[in-house]
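Letter 40 of the sequence shown, counting from 1, is numbered 126 in the working numbering, and no numbers are missing.
From the three backbone atoms N, C-alpha and C, an ideal C-beta is built for every residue, glycine too.
For clarity, every value in this text was computed on a predicted model and none was experimentally measured.
In what follows, a structure is listed as structure tokens, so that the remarks can point back to it.
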Amino acid sequence: MKNISTMLFVFTMFIVLTAASCKKEKPGSELVTVNGQTFGCRVNGTPFIADKWDHVNNIPPVRIRFRYSPVLQTNTLQVLAEKENRLIELWINSPVTVGTKNLNFSTLPHPTIVNPLDYGLYQIFYPSKEFITNNSIGGHVNIIVADTVNQRVEGTFEFTGTDRITGEKVIITNGYFKNF
């Protein structure tokens, strides 16, 4: 009888502790995977869920691609994610290798500049606002996997974008992307 009471107590404590641990927010709960491409982050602490499909042109909300330039013989990484009226873009110049890439340059985004410096961008289309990294407040991309031959890449990122006109800032955190 004593063994049954002890086992019942241990089992009850196990259930209580397991239930308490399940209440925590699951990491990666804001990740979206489309066509083998995963993306997620937070904008000023709020999850950014990429969900804007362009069904007419068959353009998914997440696009992670290498852009090869035969003239320059470079492989640039472009990560795009769209939500409703908003876009997040990362641009990493060649060589795309494992390690940390700093986003601390003042530049205009692609395609305004054909081969811009590395940047992070948060854009609102209506009303039009563009928050881009610069040389005073930037961020970084940590590339975990980089295989330009097989077009596979995985990384994390965070950055602060600044509106050039108003000086307003947007903070992007908990960023993750993967193309497998």
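Inter-residue Cα distance where the pair is residue i and residue j
| i | j | result |
| --- | --- | --- |
| F191 | S180 | 15 Å |
| E269 | E254 | Past the edges of the chain, shown from 87 to 266, lies residue 269, and the structure says nothing about it. |
| F152 | I257 | 25 Å |
| D233 | R250 | 34 Å |
| T246 | N144 | 31 Å |
| Q164 | L207 | 11 Å |
| S338 | E170 | This structure cannot settle anything about residue 338, because the visible part of the chain is limited to 87 through 266. |
| V182 | T119 | 22 Å |
Top-ranked residue by Cα proximity to residue i, from the options
| i | options | result |
| --- | --- | --- |
| E168 | V227, D249, I229, W139 | W139 |
| D137 | R153, L166, T162, R250 | L166 |
| P202 | T183, T160, D249, R149 | T160 |
| F263 | I223, G247, T193, W177 | W177 |
| T132 | N144, L117, Y205 | L117 |
| F125 | V142, T242, I230 | T242 |
| D204 | V231, T198, N220 | N220 |
Contacts around residue i, its chain only, beta-carbon distance under 6 Å, and the 5 residues preceding and following it disregarded
| i | result |
| --- | --- |
| L173 | Q209 |
| N260 | C127, R128 |
| Q123 | V148, I150, N265 |
Buried/exposed call for residue i, threshold 16 Cβ in 10 Å
| i | result |
| --- | --- |
| Y212 | exposed |
| G224 | buried |
CB contact below 8 Å: residue i versus chain D
| i | result |
| --- | --- |
| N130 | In the displayed structure, chain D is absent; only one protein chain is listed. |
Cross-strand partners of residue i (DSSP beta bridge)
| i | result |
| --- | --- |
| N161 | Y154 |
| R149 | L166 |
| W177 | Q164, Y205 |
Contacting residues, own chain, Cβ-Cβ under 8 Å from residue i (five flanking each side not counted)
| i | result |
| --- | --- |
| I230 | V184, E240, G241, T242 |
Same chain, Cβ closer than 7 Å to residue i, neighbours up to 5 away in sequence not counted
| i | result |
| --- | --- |
| T252 | none |
| L194 | P202 |
Near the ligand COA: residue i beta-carbon under 7 Å from a heavy atom
| i | result |
| --- | --- |
| F245 | This structure lacks the ligand COA, and indeed carries no ligand of any kind. |
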